[in-house]
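For reference, the structure discussed in these notes is given below.
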Amino acid sequence: MKTYRLNFLVLACFMINNAISQELELTSKDSIVANSWIVGLGYNIVDDSGDVFDNLFSVEDQWNAVPYPSRISIGRYFKNGIGIEAIGTYNTYKEGKIIDGTVNAEETNYFGLDTRLSYDLNKIIGETAWFDPYIGVGLGYTDANNQGRGTYNAVIGSRFWFSDKFGLDFSSSGKWSIGDNATNHIQHAAGVVYRFGIEKELSKKGLEKLAVINALEKENQSVKDSISRANRAAEEVKVLADKLAKEKEDTLLAEENARKKAKENYQRNIENAVKELGYVYFDLNSSYLSREYKGLLDKLA
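My numbering runs 11 ahead of the 1-based position in the sequence shown.
Structure below.
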């Protein structure tokens, strides 16, 4: 009875653990993109007024943009949070905008080619799945206001992912001229990004869930082993009981056979004894036994 009660409790624990394991099954939400390529297409806005960070939102006077996609980028992003990117941009300095501290008298073109090394801030603040802020530095070359210059760049931005592949990218870059022949300027960007060559891994929460699942699976295996041991023990008890019953049966059978054999021997001995006495005879024409044969009958009795 105790064995059956123990097996029932062990089986109940196994069923509960198994149900919890199924509820904790890993899903796509438990994975994050570790490595990928990203291409982007969008718009860029240039503020080359020469006042550095003053009047950052003076759209009418200082922002320059074109009404069609004017920015293209491609980059490779790694598991450690580092990203390497190449960016090409085109823009137009509008007539009447403030450029290098003066009102622009005629429309001129803007060309930029930049390289950038960025770092995914989610590696510090924790994975947020859809929100992907970053900072970066880089070098580039810009031809603006009929003047070429190399630049040191710094960027802050964020991507917002709708899925593993598609998202939006917003950023603002400061570009400092290498040398004194041109002013520094700011470039804002917004566009659509697409990820490909994706390699995924479990997120921190996914790893924690996997650890729980592994622990439950280990516990389930331990429960299975306990059930197996209990079943083996019960089988061994049954085998031992059957063996003892068989031994008892064999002993009783042997005793019965011994009794039969003893009885048979006893009867055989009597028969042999009777045979050894011989026969009793009457004398011719007489109904009386002689003394000799009377003694033989006494022996027989």
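Each residue gets a CB set at the ideal place from its N, CA and C atoms; glycine is no exception.
Asked: Run through the DSSP bridge pairs and tell me what Ser169 is partnered with.; Found: Pro144 and Phe181
Asked: What does a CB cutoff of less than 8 Å around Ser301 pick up in its chain, not counting 5 residues either side in sequence?; Found: Asp294
Asked: Where are the alpha helix (DSSP H) runs, 4 residues long or more, that stay fully inside the segment 65-94, in chain order?; Found: 70-73
Asked: Applying the criterion that 16 or more other CB atoms from any shown protein chain within 10 Å of the CB defines a buried residue, is Asp59 buried or exposed?; Found: buried
Asked: Taking 9 Å as the cut-off, decide whether the C-beta atoms of Asp154 and Ile109 are in contact.; Found: no
Asked: Flag this pair as touching only if the segment 189-196 and the segment 210-227 have three or more C-beta atom pairs under 8 Å; answer yes or no.; Found: no
Asked: Note the first and the last residue of the continuous beta strand (DSSP E) segment covering Lys211.; Found: His196 to Leu213
Asked: In angstroms, rounded to a whole number, what distance separates the CA positions of Val204 and Val50?; Found: 6 Å
Asked: Once the 5 residues before and after Asp41 are set aside, which same chain residues still bring their CB inside 7 Å of it?; Found: Leu213, Ser214, Lys216, Gly217 and Lys220
Asked: Helix, strand or coil, according to DSSP, for Lys13 in the structure here?; Found: Because Lys13 carries a pLDDT of 48, less than 50, the predicted location of this residue cannot be relied on, and the following value inherits that uncertainty. Three-state DSSP puts Lys13 in a helix.
Asked: For a test of the three-state rule: what should DSSP assign to Val250, helix, strand or coil?; Found: helix
Asked: Relative to the alpha-carbon of Ile85, which residue among Gln73, Ile98, Gly159 and Gln232 has its alpha-carbon at the smallest distance?; Found: Ile98
Asked: Classify Tyr88 as buried or exposed, calling it buried when 16 or more other Cβ atoms lie within 10 Å of its own Cβ.; Found: buried
Asked: Suppose you measure from the CA of Ser184 to the CA of Ile167; what does that come to, to the nearest Å?; Found: 7 Å
Asked: I'd like to know whether the C-beta atoms of Gln198 and Gly123 end up nearer to each other than 9 Å.; Found: yes
Asked: Report the rounded CA-to-CA distance for Lys286 versus Glu267, giving the unit in angstroms.; Found: 28 Å
Asked: What residue does the alpha helix (DSSP H) around Leu308 start on, and which one ends it?; Found: Arg302 to Leu311
Asked: Roughly how many angstroms separate the alpha carbons of Phe173 and Val148, rounded to a whole number?; Found: 26 Å
Asked: Start and end of the beta strand (DSSP E) containing Asn55?; Found: Ser42 to Asp58
Asked: Under 9 Å, do Asp131 and Gly178 count as touching if we go by C-beta distance?; Found: no
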